[in-house]
Each structure stands twice: as structure tokens, then as C-alpha cells.
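For the sequence shown, the positions run 571 to 761 when our numbering is used.
Heads up, the beta-carbon is just placed ideally off N, CA and C, and yes, glycines get one too.
Scroll down for the structure; my scribbles are underneath it.
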Amino acid sequence: GVNPMGCRVASFKAPSQKELRHDFLWRIHQETPEKGYIGLFNRSHYEDVLSPRVHGVISNKAATQRFDHIIEFERLLLKQNDTTILKFFLHISQDEQRKRLEARIRDPEKRWKFSPNDVVERKLWDKYMNAYEDAISATSTDCAPWYIVPANYKWYRNLLVAETFVDALNSMKLKYPPVPAGIDFDTLKIE
């Protein structure tokens, strides 16, 4: 849902059967924020050009077509809604990923995060890195660049992402809406 600050977080898992009956951007478009709001996507349409490609569900040609659709989708958001798009690739090393998975196994309070599929997918590291590189290269544009953030250290990752958000917000030169006309706020008293 939307919190009082006007920010909505949409988290995308594997597509449902209903979502699979539509084009891959259908579910994403439904979650884009309305004008004046902030939307955060956790794993989104970019995932739909990674895992399916690594697993051979879509061809390289289909992935390239999806890259083109992503670029057009982002242009639509920019032109239709004046949307600012910030894309972050939070890159952790293979060694750091291993340490985090091991921590999930050892610490009973982190076991809820563990999925046996994580171990299976880890074996495809090189394929995923190639797919990420292709997706980032193909979909990084002047109006929607990718920010590659070193994420082995969470504090540093958070700092870089926060600084990028603050810079983007400052560049928008945001202002409060105009106050209601005809009210003298200096003498107004609430009883």
C-alpha cells in the first residue's frame, strides 16, 4: 500500500498464471506510481529478462526485444507522467553472497530468508552475471541510467542509494502547493 509519505513499494515475485497470460510489462505498468508519488520496485521487469534467459525460457532474440520494450516503457513514463527513473543494481561479490547464504543457514533468526533454490541458482553465477551485464548495457539510457552500487557493505550501499535519491529530488526543485487564497496565516487562530 501507499504510506503517508506518498511512497508505494511493489515487490515482484515469479509471475502468476494470470500475469503470464499478458505481456511481461503488464504487471509492472499497473504498479507505476501516479503523478506526485514515489514508487519503489523490488525486482521488477528487469528480472523478466534475466532468469528466463539464464534458464533458456526465452531466447537471446526475445531478450533483446524485451530490452527494446523496457526502453520504450521508460520513455512513456518519462514523457506521459514526467517520471524520474532511478535504477540500481546492487552488486555483491560471489564470496559475499556465499557468506550471506551461510549466515542464513547458521542463524535460526535468519533461516526464514533461506530458500533451497538460492543454492541451485548460485551455481549459475556466471550466466547471471552475463545476463545482468547485457540487460544493464542494453537498458541504460540518458533518461534512465543504471547506477551500479557496490553492496558488499550494507552501510555503503545505503549511503550511495540515499545520496542518489537526494540528488534526484533536489534536481526536481520541488515546492509545496500554493496555500489557500484569502487566508491571513499571521492572524489565524484555531479555537
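| Query | Result |
| --- | --- |
| Pair every Cβ in the stretch 640-656 with every Cβ in the stretch 679-686, then say whether three or more of these pairs are closer than 8 angstroms. | no |
| My output table needs one value for P578: the three-state DSSP class, helix, strand or coil. | According to the sequence shown, residue 578 is Arg rather than Pro. Looking at R578 - three-state DSSP - the assignment turns out to be strand. |
| Answer with buried or exposed for R591, where buried requires no fewer than 16 other C-beta atoms within 10 angstroms of its C-beta. | exposed |
| Is the beta carbon of A584 less than 8 angstroms from the beta carbon of E601? | no |
| Please list the segments of the beta strand (DSSP E) lying wholly inside the stretch 707-750, counting only runs of 3 or more residues, in order along the chain. | 716-720 |
| Give me whichever residues DSSP pairs with G606 in a beta bridge. | Paired residue(s): none; G606 is not in a bridge. |
| By Cβ distance below 7 angstroms, which residues in the same chain neighbour A701 in space, the five residues on each side in sequence not counted? | L620, R623, V624 |
| Could you give the distance in angstroms between the alpha-carbon of L646 and the alpha-carbon of R578? | 20 angstroms |
| Please confirm whether E691 has its beta-carbon closer than 8 angstroms to some beta-carbon of chain D. | Protein chain content of the structure displayed is limited to a single chain, and chain D is not contained in it. |
| Taking the alpha carbon of K649 as the reference point, which residue from L729, C713, K669 has its own alpha carbon closest? | C713 |
| For A751 versus Y616, is the C-beta spacing smaller than 8 angstroms? | no |
| In terms of residues, what are the limits of the beta strand (DSSP E) holding F658? | 657-661 |
| Return the bridge partner residues of F755 from the DSSP annotation. | Note: F755 sits in no beta bridge, so no partner. |
| Could you pull out every unbroken alpha helix (DSSP H) segment of at least 4 residues lying fully inside the stretch 650-695, listed in chain order? | 664-676, 686-692 |
| For K605, which option in S707, K745, T653 has the closest C-alpha, if you only look at C-alpha atoms? | T653 |
| Can you say whether P597 is buried or exposed, counting buried as having 16 or more other CB atoms within 10 angstroms of its CB? | For clarity, residue 597 is Arg in the given sequence; the question names Pro instead. Result: buried. |
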